[in-house]
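Read through the structure below, which is laid out as structure tokens, and then see the notes.
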Amino acid sequence: MKQRGRHRRRRRGQALRATLAGTALALTAAATLISTSQATGANSPGDLTALRAGASSQLRLHENLTSREALDTLSGNMGGNVGVDGVLSDTDHSMRNTADCTADERSALPVEPTATRAYCWSDADARSARWRPRSVTTSGDAADEGAWGTRQVILAGWTHRDGRAAAQDRDEGLARIAFVDATDPDALRYRWVLLVAPRAGGRDYAPVRTGLGGMVWYQDKLIVTAEHGDGLLVFDLHRLLRTDVDSPAVGRVGRGYSAAGYRYVLPAIGSYDPEGGSCTPGRDDAVPCIGSLSLDRTTAPDSLVATEAASGRPEHTRVWRYAFSTAAYRTGLLADAQGHVDATEAYTTRGSAISGALSHRSAGAREAQWYIGRPSDSRDGHGSLWRQSGHGSGAATCTADQSHACWGLGSGSLSYWERTGELWSLSDATDRRVLYAVPLSSVDGSLG
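Residue numbers for the sequence shown follow our numbering, so the first one is 1 and each next one is one higher.
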């Protein structure tokens with residue numbers, strides 16, 4: 001499918017399509033859970049401050065791509081690529097609509113502004129203590145028209161994190177993605193795909209282990225945070241593959257391929273590694289660990305937004321962006337012809353422990369607005385969502401207690417579906433896992 005890489009002039013305020021819009025969800029039960037003791041984010045993160053001269057060199061990455069020969073060998077050995085359509089034609093899980101979510105699950109939704117769409121996972125995934133949902137991206141990121149072929153698609157990244165789990169050494173850190181067919185907004189279905197990395201010249205593969213704190217689907221590529229925030233991994237969504245052996249192993253088994261019980265795998269095609277060496281959390285003079293990702297389609301060219309992972313510093317975080325390549329033969333990739341990736345913009349914010357960040361410049365605006373999600377200090381508390389620029393910041397205020405703890409409980413990364421005007425996120429608390437959308441216009445409206 002031909003993807004559009006050319007940056008377009010953005011249109012002012014598009015209305016939500018009727019099939020995607022919904023009546024605002026009733027969240028009275030959730031509101032009663034908010035108290036002044038949960039007022040996380042009460043302190044304003046203030047203005048965004050441009051990173052000092054020379055500090056951007058710590059953000060430089062270098063592109064390292066797997067050889068096409070190795071990727072073709074793996075595809076050939078596994079019967080050929082199946083692509084996104086192949087996975088979505090074989091979904092085996094259903095998401096529950098809002099009415100079928102439990103009261104606990106609905107209590108994880110934002111209080112103000114309220115979500116217009118919300119979905120809950122199948123029972124086993126909703127209750128699993130071993131897997132945590134962390135990040136979200138959509139076909140609204142992938143293509144200007146918001147669809148991949150004829151389908152509207154949501155990707156949700158989960159990571160295995162449970163020190164008590166059996167076979168910890170084998171499973172800990174595994175990363176999987178829910179490929180969700182959202183074409184019918186009343187009947188979302190999904191299939192799990194395991195992330196892997198080719199080895200032995202493409203004759204085998206190994207599991208990818210990463211926290212999946214952020215991911216962005218742009219054109220035909222998926223970019224995700226690498227293990228411990230040490231750079232980025234890149235995947236080609238044309239190269240989804242089907243396994244033919246059902247076993248606990250991940251990789252080649254005899255003459256076939258297994259993926260710990262998963263039917264589909266997505267092999268990495270390369271990485272973006274920090275040129276300054278491994279990342280070091282909590283140090284301004286060191287390479288930052290990357291915590292979350294999002295896409296900004298309002299820059300020229302489109303850009304990848306990154307944030308520094310949470311560290312021991314109480315009130316200091318770096319946020320920055322990389323430009324996507326505009327070369328027709330480098331769809332969905334970063335970097336210049338020499339493989340270098342430099343930040344095109346970089347700031348510091350006093351917001352700490354950022355769970356997700358989004359940059360967006362509205363039509364006619366002088367500068368981009370940065371939306372910063374911050375979790376609660378309490379496991380059961382709602383987080384806050386701040387809008388920042390170089391001239392100040394603000395957040396929604398909850399009617400019930402006048403705190404800023406109005407955003408989702410345990411919220412992950414942020415993703416903006418430009419064509420529908422929806423801001424997507426998800427909650428990661430066990431038994432309170434919800435995938436939801438809030439109109440960005442409602443977020444702005446809640447800030448006055």
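Ideal placement from N, C-alpha and C gives every residue a C-beta, glycine not left out.
If you're wondering where the values come from, they're calculated on a predicted model, not measured in any experiment.
Looking only at its chain, what residues have a beta carbon closer than 6 Å to the beta carbon of Arg361, apart from the 5 residues adjacent to it on each side? The residues are Thr298 and Ala368.
Here's the rule: buried if 16 or more other CB atoms are within 10 angstroms of the residue's CB, otherwise exposed. What is Arg132? Counting Cβ neighbours within 10 Å, Arg132 comes out buried, since at least 16 surround it.
Option in Cys279, Gly214, Tyr218 and Gly83 with minimal Cα separation from Thr225: When each option's Cα is compared against that of Thr225, the closest is Gly214.
Considering only residues of the same chain and omitting the five flanking positions on each side of Ser384, which have a CB-CB separation below 7 Å? Answer for Ser384: Thr40, Gly41, Arg374, Ala395, His404, Ala405, Cys406 and Trp407, listed in chain order.
I need the straight-line Cα distance from Val438 to Trp217, nearest angstrom please. One C-alpha to the other measures close to 20 Å.
Mapping DSSP to helix, strand and coil, what is Arg117? DSSP, reduced to helix, strand and coil, places Arg117 within a strand of the structure shown.
For Thr504, is the classification buried or exposed, using 16 other Cβ atoms within 10 angstroms of its Cβ as the cut-off for buried? As shown, the chain starts at 1 and ends at 448. That puts residue 504 outside it, with no answer to give.
Going by the DSSP bridge assignment, what does Pro439 pair with across the sheet? For Pro439, DSSP records a beta bridge to Glu422.
With a threshold of 8 Å between beta-carbons, can Tyr218 be considered close to chain D, or not? Any reference to chain D falls outside this structure, which holds one protein chain only.
Less than 7 Å between C-beta atoms, sequence neighbours within five positions excluded: which residues of the same chain meet that for Val87? Phe179, Arg191, Val193, Leu240 and Tyr264.
From Ala365 to Asp444, what distance separates their C-alpha atoms? Whole-angstrom Cα-Cα distance: 13 Å.
DSSP three-state assignment for Val287, whether helix, strand or coil: Shown here, Val287 sits in coil according to DSSP, grouped into three states, outside any helix or strand.
Would you be able to state if there are at least three C-beta pairs under 8 Å between the stretch 136-151 and the stretch 194-202? Because the criterion of three Cβ pairs below 8 Å is not met, the stretch 194-202 and the stretch 136-151 do not touch.
Our contact map puts Leu74 next to Pro267 with C-beta atoms below 8 Å; I'd like the distance itself, whole angstroms only. Contact holds; Cβ gap of about 6 Å.
Is it the case that the Cβ atoms of Ser355 and Ser292 are separated by a distance below 8 Å? In this structure, Ser292 lies closer than 8 Å to Ser355 by Cβ.
Any chance the stretch 219-238 sits against the stretch 274-287, with 3 or more Cβ pairs inside 8 Å? Taking a contact to require three or more Cβ pairs closer than 8 Å, the stretch 219-238 and the stretch 274-287 qualify as touching.
Am I right that Ser135 and Gly351 are in contact with their C-beta atoms under 8 Å? What's the rounded C-beta distance? Actually they are not in contact, since the Cβ atoms of Ser135 and Gly351 sit about 18 Å apart, beyond 8 Å.
For Asp342 and Ala55, I'd like the C-alpha separation in whole angstroms. Going from the Cα of Asp342 to the Cα of Ala55 covers about 11 Å.
For the beta strand (DSSP E) that Val111 lies in, which residues bound it at each end? Looking at the DSSP string, Val111 is not in any beta strand (DSSP E), and its letter there is neither H nor E.
Just the Cα atoms here: how many angstroms apart are Trp417 and His93? One Cα belongs to Trp417, the other to His93, and the distance between them is close to 23 Å.
Indicate the three-state DSSP secondary structure (helix, strand or coil) for Ala31 in the structure shown. Bear in mind that a pLDDT of 33 at Ala31, under 50, signals an unreliable position, so the number given afterwards is only what the model happens to contain. Here Ala31 sits in helix by DSSP.
Identify, in the order they occur along the chain, each residue of the same chain with its Cβ nearer than 6 Å to the Cβ of Ala310, setting aside the five sequence neighbours on each side. The residues are Ala353.
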